[in-house]
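Heads up: the structure comes next, in C-alpha cells.
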Amino acid sequence: VTGKDLAFSDATTLGTLIAKKQISSLELTNLYLSRLERYGPAYGAVVTILHDRARTEARAADAALARGTRKSALHGVPYGVKDLLAAAGAPTTWGAQPYRNQVFDYDATVIERLYSAGAVLLAKLSMVELAGGFGYNEADASFTGPGRTPWNRNYWSGGSSSGPGAAVAAGLVGFAIGSETDGSIMVPSAFCGVTGLRPTYGRVSRYGAMALMWSSDKLGPLARSARDTELVLRTISGADPMDDSAKTRPFKVKRGRARIAVIARSTEKSQPAVVANFESSLAVLADVADVGGQVKLPEEDYGGVFGALLNGECAAAFRDLIESGRSRELRSPEDRIGGYEQYATLAVDFVDAMRQRRKIDRAIREMIAPYDALAFPTLPTVAYPVGLPFDKVYTSTQGVIDPTTAANLAGIPAISLPNGFGEHGLPTGLCLIGNPWSEAQLTSIGKGYQSRTTFHLRRPSLV
Amino acid sequence: MTHNRRRFLGGALAASTSLVMVSVASAVSEVEPPTKDVAEAATLPSPNAAAHELALSMRRFDPTLTDKQIGEIAKSIGGSWKAGAKLHKGLSNGDLPSPEFEIGE
C-alpha cells in the first residue's frame with residue numbers, strides 16, 4: 035500500500051488498518067501533516083495545522099491500542115474541522131480577518147466526542163468568512179483566499195465548508211467536519227466530488243461552533259464514502275447539556291427496499307452533463323431501491339423566507355462586529371456592507387418569515403413522508419470559476435427551483451454523493467433528502483449506490 | 002452559502018411597485034375615505050428615501066462607508082423590504098410563528 039493509497043483511503047479502511055497494526059496512527063498522522071503542508075495552500079484549504087496536538091493524540095491512540103484498547107472504529111484516524119469549531123488553544127478564525135487571533139480555551143463538543151472516540155485532530159480547515167452570512171458573491175471570500183477544488187484549481191471548492199471539501203478530495207485528511215446553514219456541506223461536497231451528510235437539525239451539538247443562524251445551523255461530515263459519513267455522524271451525534279437543541283434519536287433503516295422519488299423540474303436549466311449524470315444515477319439507484327414517480331416541491335417563497343430569517347438571526351449573531359464597524363476588514367466587498375442590510379431587518383418581516391416557515395415545514399414533511407428519499411442534482415452546474423462574481427456565470431441556471439433551501443428550512447437531512455463529471459473535468463453530485471432523523475436510511479441508500487459506482491474512488495491529480 | 006438569497010433579492014429589486022404601499026392604499030380605499038393621519042402619511046419619505054436614510058445612519062458604526070457603499074446598502078435594504086412584504090402573503094391573523102425551531106419525531 036503506497037502513501038498515496040493510504041491518503042485516499044476512506045476513514046473506515048484507515049481505522050481497520052490501524053486496528054490491525056498495519057500502520058500506526060502516528061505514521062498516518064505524519065503522512066497527512068506532510069500532505070497538508072504540501073498541498074493545503076495550493077487549494078486554499080487550511081488555516082492552521084495542529085502539528086503538536088495531532089502527534090500527541092496519535093501517540094496516545096497508538097499507546098491505547100498497544101494496551102488493547104480500541105475506543106471506536108475511528109480510533110487513530112486523523113481528521114480536520116472547519117475553522118468555526120473551537121479547539122482549545124488554537125486560533126478559531128471563522129474565516130474572517132476580525133477574528134484572526136481569536137482563541138478559545140475549550141474544545142467544541144464535536145471535537146470532544148471525536149477525541150473520546152480516539153480520532154486525531156490534524157488541522158483547522160478554511161471556510162468562507164462568517165460561513166457566508168453577509169452575502170458574499172465570489173470565491174475569494176476568506177482571509178485565506180479562495181478555496182479551490184482539487185479537480186481544477188481554477189474553480190471554486192464551494193462554500194462555506196471550502197476547506198473540508200477540498201481537504202477530503204485531495205487526501206489531506208481522513209475525513210472532515212463541516213457545517214451547513216443553507217448548502218454549506220452539500221455545495222462543497224458536489225464541487226469537490228466527496229460525500230457529504232447534512233444531519234437533521236438537532237442531531238449534532240453545536241456547542242463551540244460559530245453561530246450564524248441558530249434555527250438552521252447544522253454540523254456534519256464530509257468524507258470519502260457514504261459509510262464514513264454514517265460512522266462519523268454516529269460518533270458526533272446525541273444530546274448535549276451544553277446545547278439544548280441537541281437530541282439523542284435512534285438511527286433507523288427500514289426493512290426492504292427503499293422508495294425514492296424525483297423532485298419534479300429539478301433538472302430544468304441544469305448543465306447537460308448534470309442531467310445525464312443524474313439520469314444515470316437514477317438507473318443505478320433502481321438496483322437498490324424502488325425508484326419512480328415525481329413529487330412537486332410546494333410553491334413557496336423559500337428564498338424570501340430563508341433570507342428574512344437569516345438576516346435577522348445573522349445580524350443578532352454578529353451584532354458586535356456590525357456595531358464595531360470592523361465589517362470593513364472582511365475580504366468580500368459584499369460582506370463589508372452586508373451586515374448593515376441585515377441590521378435593518380424589519381421585525382414584522384422576521385416574524386412573518388417564522389410564520390411562513392411553520393407552513394413550509396408542514397408542507398415539506400407531507401411531501402416527503404410517503405418516500406424514503408427524494409432525489410435531485412445537488413447543484414445544476416459544476417463548480418464556479420475563481421475570479422468571477424457568482425451572479426455573472428452560469429446565468430442560464432438562475433431561477434431554478436431550490437430544494438436545498440426548502441429542506442434546510444424544514445431541518446431535514448440530506449446526503450450528496452459524487453455521481454460523475456461535467457464541464458472542465460469537474461465533479462457533479464446526486465442529492466438525496468430524507469425524512470427527519472432518517473440519516474441512516476440515506477447512508478444506506480448511499481452505500482448501495484457506491485457499491486455499484488466508482489466516482490467516490492476517483493482521485494484528482496494534485497499540483 | 003447565501004448567494005441564492007441575493008438572487009431572490011435581486012429579483013425583488015427588479016419589481017417596479019412597492020407591495021407595501023399598494024396594499025396600504027387599496028385597503029384604505031375599500032374601508033373609508035382617507036383620514037387626516039393617512040393624508041399626512043402620504044407626505045412621508047418614499048421607501049427608497051427611507052432606506053437611504055437608514056443606510057446613511059450606518060455611518061455611526063463605520064464612518065468610512067463611501068457614498069457608493071451607502072447606495073448599495075440602501076438598495077439592499079429597499080430590496081429586503083419589498084421581499085419582506087411578500088412574506089405576509091397567505092397568512093391569516095391566527096397563523097402562529099415558530100419561535101423556537103425544533104424537529105419532532
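Protein sequences appear in the order of chains V and S.
Letter by letter, the first sequence follows residues 35 to 497 of our numbering.
Letter by letter, the second sequence follows residues 2 to 106 of our numbering.
Where is the CB? At the ideal position from N, CA and C, for every residue including glycine.
For this session: Can you tell me which of the three DSSP states residue 64 (chain V) falls into?
Result: On the first sequence, position 30 is the one that residue 64 (chain V) refers to. If DSSP states are grouped into helix, strand and coil, residue 64 (chain V) belongs with the helices.
Exercise. What does DSSP give as the partner residues of residue 60 (chain S) in its beta bridges?
Worked result: Within the second sequence, residue 60 (chain S) is the residue found at index 59, counting from 1. Paired residue(s): none; residue 60 (chain S) is not in a bridge.
Problem set entry | Spatial distance of residue 493 (chain V) from residue 191 (chain V) (CA atoms) | Along the first sequence, one-based indexing puts residue 493 (chain V) at 459. Along the first sequence, one-based indexing puts residue 191 (chain V) at 157. Cα to Cα, the separation comes out at about 15 Å.
For this session: Indicate whether residue 80 (chain V) and residue 208 (chain V) have their beta-carbon atoms separated by less than 8 Å.
Result: Here the question's residue 80 (chain V) lines up with position 46 in the first sequence. Here the question's residue 208 (chain V) lines up with position 174 in the first sequence. No. Outside cutoff.
Exercise. With a cut-off of 8 Å, does the C-beta of residue 354 (chain V) fall near any C-beta of chain S?
Worked result: Counting from one through the first sequence, the residue named residue 354 (chain V) turns up at place 320. False, the Cβ-Cβ gap to chain S never drops below 8 Å.
Exercise. With a cut-off of 8 Å, do at least 3 Cβ pairs link the region 180–197 of chain V to the region 89–100 of chain V?
Worked result: no
For this session: Report the rounded CA-to-CA distance for residue 484 (chain V) versus residue 226 (chain V), giving the unit in angstroms.
Result: Reading the first sequence from its first residue, position 450 is the one you call residue 484 (chain V). Reading the first sequence from its first residue, position 192 is the one you call residue 226 (chain V). Taking the straight line from one Cα to the other gives about 16 Å.
Exercise. Using a Cβ-Cβ cut-off of 6 Å (strictly less than) and excluding sequence neighbours within five positions of residue 214 (chain V), which residues of its own chain qualify?
Worked result: Taking the first residue of the first sequence as 1, we reach residue 214 (chain V) at position 180. Excluding sequence neighbours, residue 214 (chain V) sits near 232, 252.
For this session: Kindly indicate if chain S contains any beta-carbon less than 8 Å away from that of residue 390 (chain V).
Result: Your numbering for residue 390 (chain V) matches position 356 in the first sequence. Judged by the 8 Å Cβ criterion, residue 390 (chain V) is in contact with chain S.
For this session: Would you check if the region 42–51 of chain V and the region 165–181 of chain V touch, i.e. whether three or more CB-CB distances between them fall below 8 Å?
Result: no
For this session: Could you work out which residues of chain V lie near residue 1 (chain S), taking near to mean beta carbons separated by less than 7 Å?
Result: Outside the shown range of chain S, which is 2 to 106, sits residue 1 (chain S), and nothing can be said about it.
Exercise. So, using beta-carbon positions, are residue 117 (chain V) and residue 257 (chain V) closer together than 8 Å?
Worked result: If you number the first sequence from 1, residue 117 (chain V) lands on position 83. If you number the first sequence from 1, residue 257 (chain V) lands on position 223. In this structure, residue 257 (chain V) does not lie closer than 8 Å to residue 117 (chain V) by Cβ.
Problem set entry | From V:452, V:161, V:151, residue whose alpha carbon lies closest to that of residue 268 (chain V) | As a working mapping, residue 268 (chain V) is identified with position 234 in the first sequence. Considering only alpha carbons, the answer is V:151.
Problem set entry | Neighbour-count burial assignment, residue 35 (chain V), 16 or more Cβ in a 10 Å radius | The residue given as residue 35 (chain V) occupies position 1 in the first sequence. Counting Cβ neighbours within 10 Å, residue 35 (chain V) comes out exposed, since fewer than 16 surround it.
Exercise. Looking at C-alpha atoms only, which residue of V:189, V:171, V:168, V:265 is the closest neighbour of residue 211 (chain V)?
Worked result: Translated into positions along the first sequence, residue 211 (chain V) becomes position 177. Residue 211 (chain V) has its Cα closest to that of V:265, out of V:189, V:171, V:168, V:265.
Exercise. Whose Cβ in chain A lies nearer than 8 Å to the Cβ of residue 72 (chain S)?
Worked result: No chain A appears in the structure shown, which is made up of the protein chains V and S.
Problem set entry | residue 39 (chain V) classed as buried or exposed, judged by whether at least 16 other C-beta atoms fall within 10 angstroms | Position 5 of the first sequence, counted from the start, is the residue given in the question as residue 39 (chain V). The residue is exposed, with fewer than 16 neighbouring Cβ atoms inside 10 Å.
Exercise. Buried or exposed: residue 400 (chain V), going by 16 or more other Cβ atoms within 10 Å of its Cβ?
Worked result: Start at 1 with the first residue of the first sequence, and residue 400 (chain V) comes out as number 366. By the 10 Å Cβ count, residue 400 (chain V) comes out exposed.
Exercise. Mind checking if residue 53 (chain S) is an interface residue toward chain V, Cβ cutoff 8 Å exclusive?
Worked result: Residue mapping note: residue 53 (chain S) aligns to position 52 of the second sequence, counting from 1. Judged by the 8 Å Cβ criterion, residue 53 (chain S) is not in contact with chain V.
Problem set entry | Length of the line joining the Cα atoms of residue 380 (chain V) and residue 370 (chain V) | As a working note, residue 380 (chain V) is residue 346 in the first sequence. As a working note, residue 370 (chain V) is residue 336 in the first sequence. The straight-line gap from Cα to Cα measures roughly 21 Å.
Exercise. With a cut-off of 8 Å, does the C-beta of residue 504 (chain V) fall near any C-beta of chain S?
Worked result: Since the first residue shown for chain V is 35 and the last is 497, residue 504 (chain V) is missing from the structure and cannot be characterised.
Exercise. Going by the beta-carbon positions, is the gap between residue 437 (chain V) and residue 297 (chain V) smaller than 8 Å?
Worked result: By 1-based counting over the first sequence, the position of residue 437 (chain V) is 403. By 1-based counting over the first sequence, the position of residue 297 (chain V) is 263. Taking 8 Å as the Cβ cut-off, residue 437 (chain V) and residue 297 (chain V) qualify as a contacting pair.
Exercise. Is it buried or exposed for residue 321 (chain V), if we count other Cβ within 10 angstroms and need 16 for buried?
Worked result: For this step, residue 321 (chain V) is matched to residue 287 along the first sequence. Per the 10 Å Cβ criterion, exposed.
Exercise. Between residue 103 (chain S) and residue 390 (chain V), what straight-line distance do the alpha-carbon atoms span, to the nearest angstrom?
Worked result: Within the second sequence, numbered from 1, the residue matching residue 103 (chain S) stands at position 102. Within the first sequence, numbered from 1, the residue matching residue 390 (chain V) stands at position 356. Their Cα atoms are separated by approximately 15 Å.
For this session: For residue 281 (chain V), collect the residues of the same chain with a Cβ closer than 6 Å to its Cβ; drop the 5 residues on either side in sequence, then sort them by chain order.
Result: One-based indexing of the first sequence puts residue 281 (chain V) at position 247. Cβ within range, chain order: 236, 273.
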